[in-house]
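Residue numbers (this note's numbering): 351 to 837. This report refers to the structure that appears directly beneath it.
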């Protein structure tokens with residue numbers, strides 16, 4: 351099957367199942383880390399992780415370029431994966447030498463020699479996984495690539511818990527991530543079934559045309575994302591980083607759903623645009639459900655901020671409730687940028703997404719420095735929100751030339767109305783329930799989710815049609831398998 355004929359709904363459903371499974375294991379991990387290490391220990395881990403993942407972005411950007419090229423119709427993938435692995439090994443060697451040599455000279459508070467070793471191990475192994483897994487998505491398996499990432503999350507948690515038990519603390523969590531990434535990178539290489547080949551000059555040049563934009567975009571984009579915990583740490587300390595990172599984990603499913611839609615969207619847009627076919631309808635459909643979870647999560651956070659933090663992470667995390675509301679709000683804007691970025695990249699215009707990312711960083715940095723110094727944790731989150739709004743508007747401006755007009759699907763209105771209905775029900779119900787234990791809190795969350803989806807189903811014919819289109823084939827396949835087993 352050509353990537354131009356990819357079924358986005360089916361691939362998104364597979365990806366969503368994988369992402370939510372991964373999110374569940376990751377969330378369990380965060381709860382364990384918070385309760386074992388405390389707020390300061392969690393903050394130390396996420397500070398080191400932020401540094402490691404910033405270093406990964408060069409390899410991740412190269413992975414995006416390789417994914418784009420191998421997703422084009424009639425492309426031989428062997429040379430592209432050979433190029434990716436060779437470039438990553440070279441990059442690891444150079445950065446490790448420089449990082450180990452200069453890390454002792456950096457004025458970084460609270461980062462130990464163990465953390466430095468953990469950072470090097472994480473960025474080298476996660477980078478190899480990023481390249482291999484994005485390659486696997488590009489050759490036509492975006493849904494399966496998410497499941498491979500889910501396997502990595504499960505293995506990561508097992509390693510991390512085991513290393514915590516033997517007393518390795520924050521370093522053990524970093525080491526567990528590195529070990530799991532190395533193991534699953536090997537698995538991805540095997541299931542891809544493509545033997546790396548020595549790249550030709552044409553392959554290098556073809557990849558370089560995209561990578562010269564995708565690598566800086568990935569680096570700048572991640573710098574923008576990772577600056578939040580780093581600036582919070584500088585202005586307030588690791589305790590505030592603990593509030594930020596734990597709150598972020600509560601709303602993470604919102605962006606994971608959007609990524610599950612955007613990943614196959616980019617592959618399909620790449621295939622269709624390489625044939626000169628129109629892609630606007632595919633982009634609009636993806637945009638329609640980008641905020642399907644982000645909107646109710648924001649209203650849920652607004653209704654129960656401190657309760658959610660305290661219930662899942664412990665009493666000392668209740669003070670991070672305001673951070674949860676701010677993070678949930680900027681995620682509502684952020685999730686609508688993800689499909690636009692993926693679609694524009696899929697049309698072979700990576701320079702446009704790079705310019706938007708630079709614009710976002712230019713808005714964010716001065717605001718974060720001023721607001722962070724004045725208001726601490728909430729100031730940095732406020733700067734992020736304003737930067738996200740600017741980037742969303744910039745992407746909509748680009749849609750006029752790339753896709754023939756701005757893309758603001760009407761189903762978003764139904765989702766917002768449903769979120770408001772959920773918010774009202776939770777506000778009424780929370781005063782009638784004692785929320786000192788996890789069971790009534792989970793019950794209230796379940797009630798809110800039920801109200802949201804019932805109202806959305808009743809109010810939106812587009813949602814009903816989409817659910818039937820995506821879940822109908824799954825139901826028919828299960829039914830057919832049942833009949834075969836009965837026969």
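We put the CB at the ideal spot given by N, CA and C, even for glycine. Fair warning: this is a prediction, and the values are worked out from it, not measured in the lab.
Counted within 10 angstroms of its Cβ, other Cβ atoms place residue i as buried (16 or more) or exposed
{"i": "residue 510", "result": "buried"}
{"i": "residue 606", "result": "buried"}
{"i": "residue 502", "result": "buried"}
{"i": "residue 646", "result": "buried"}
{"i": "residue 737", "result": "buried"}
{"i": "residue 768", "result": "buried"}
{"i": "residue 563", "result": "buried"}
{"i": "residue 619", "result": "buried"}
{"i": "residue 750", "result": "exposed"}
{"i": "residue 583", "result": "buried"}
{"i": "residue 696", "result": "buried"}
{"i": "residue 783", "result": "exposed"}
{"i": "residue 627", "result": "exposed"}
{"i": "residue 561", "result": "buried"}
{"i": "residue 747", "result": "exposed"}
{"i": "residue 567", "result": "buried"}
{"i": "residue 426", "result": "exposed"}
{"i": "residue 616", "result": "buried"}
{"i": "residue 531", "result": "buried"}
{"i": "residue 451", "result": "exposed"}
{"i": "residue 818", "result": "exposed"}
{"i": "residue 676", "result": "buried"}
{"i": "residue 758", "result": "exposed"}
{"i": "residue 691", "result": "buried"}
{"i": "residue 781", "result": "exposed"}
Helix, strand or coil at residue i according to DSSP, with G and I counted as helix
{"i": "residue 787", "result": "coil"}
{"i": "residue 679", "result": "helix"}
{"i": "residue 687", "result": "coil"}
{"i": "residue 540", "result": "helix"}
{"i": "residue 780", "result": "helix"}
{"i": "residue 517", "result": "coil"}
{"i": "residue 591", "result": "helix"}
{"i": "residue 714", "result": "helix"}
{"i": "residue 627", "result": "coil"}
{"i": "residue 490", "result": "coil"}
{"i": "residue 813", "result": "helix"}
{"i": "residue 429", "result": "helix"}
{"i": "residue 545", "result": "coil"}
{"i": "residue 377", "result": "helix"}
{"i": "residue 759", "result": "coil"}
{"i": "residue 352", "result": "In this predicted model, residue 352 has a pLDDT of only 45, less than 50, meaning its place in the structure is not dependable; the value taken from the coordinates is given anyway. Residue 352 falls in the coil class under three-state DSSP."}
{"i": "residue 753", "result": "coil"}
{"i": "residue 697", "result": "coil"}
{"i": "residue 636", "result": "helix"}
{"i": "residue 568", "result": "helix"}
{"i": "residue 642", "result": "coil"}
{"i": "residue 584", "result": "helix"}
{"i": "residue 550", "result": "coil"}
{"i": "residue 666", "result": "helix"}
{"i": "residue 305", "result": "Lying before the first or after the last residue shown, residue 305 is absent from the chain, which here runs from 351 to 837."}
Inter-residue CB distance, residue i and residue j (contact presumed, cutoff 8 angstroms)
{"i": "residue 650", "j": "residue 685", "result": "Incorrect: roughly 15 angstroms between the Cβ atoms, too far for contact."}
{"i": "residue 639", "j": "residue 687", "result": "That pair is no contact at about 14 angstroms."}
{"i": "residue 733", "j": "residue 764", "result": "Contact flag wrong, Cβ pair sits at about 31 angstroms."}
{"i": "residue 594", "j": "residue 578", "result": "6 angstroms"}
{"i": "residue 723", "j": "residue 585", "result": "6 angstroms"}
Pair within 8 angstroms by beta-carbon distance, residue i and residue j
{"i": "residue 422", "j": "residue 671", "result": "no"}
{"i": "residue 653", "j": "residue 773", "result": "yes"}
{"i": "residue 506", "j": "residue 526", "result": "yes"}
{"i": "residue 420", "j": "residue 485", "result": "yes"}
{"i": "residue 498", "j": "residue 718", "result": "no"}
{"i": "residue 728", "j": "residue 673", "result": "yes"}
{"i": "residue 388", "j": "residue 546", "result": "no"}
{"i": "residue 393", "j": "residue 713", "result": "no"}
{"i": "residue 528", "j": "residue 475", "result": "yes"}
{"i": "residue 698", "j": "residue 623", "result": "yes"}
{"i": "residue 470", "j": "residue 446", "result": "yes"}
{"i": "residue 539", "j": "residue 633", "result": "no"}
{"i": "residue 523", "j": "residue 725", "result": "no"}
{"i": "residue 569", "j": "residue 705", "result": "no"}
{"i": "residue 391", "j": "residue 519", "result": "yes"}
{"i": "residue 434", "j": "residue 489", "result": "no"}
{"i": "residue 600", "j": "residue 662", "result": "yes"}
{"i": "residue 689", "j": "residue 637", "result": "yes"}
Any non-hydrogen atom of the ligand MG closer than 7 angstroms to residue i Cβ
{"i": "residue 776", "result": "What this structure holds is no ligand at all, so the ligand MG is not there to describe."}
Cβ contact (3+ pairs, closer than 8 angstroms) linking the segment 666-679 and the segment 789-805: no
Validate contact between the segment 404-416 and the segment 426-443 using beta carbons, cut 8 angstroms, 3 pairs: The segment 404-416 makes contact with the segment 426-443: 3 or more CB pairs, one atom from each, lie closer than 8 angstroms.
The segment 544-560 in contact with the segment 392-408 per 3-pair CB rule at 8 angstroms: A contact between stretches requires three or more CB pairs, one per stretch, nearer than 8 angstroms, and the segment 544-560 fails this requirement with the segment 392-408.
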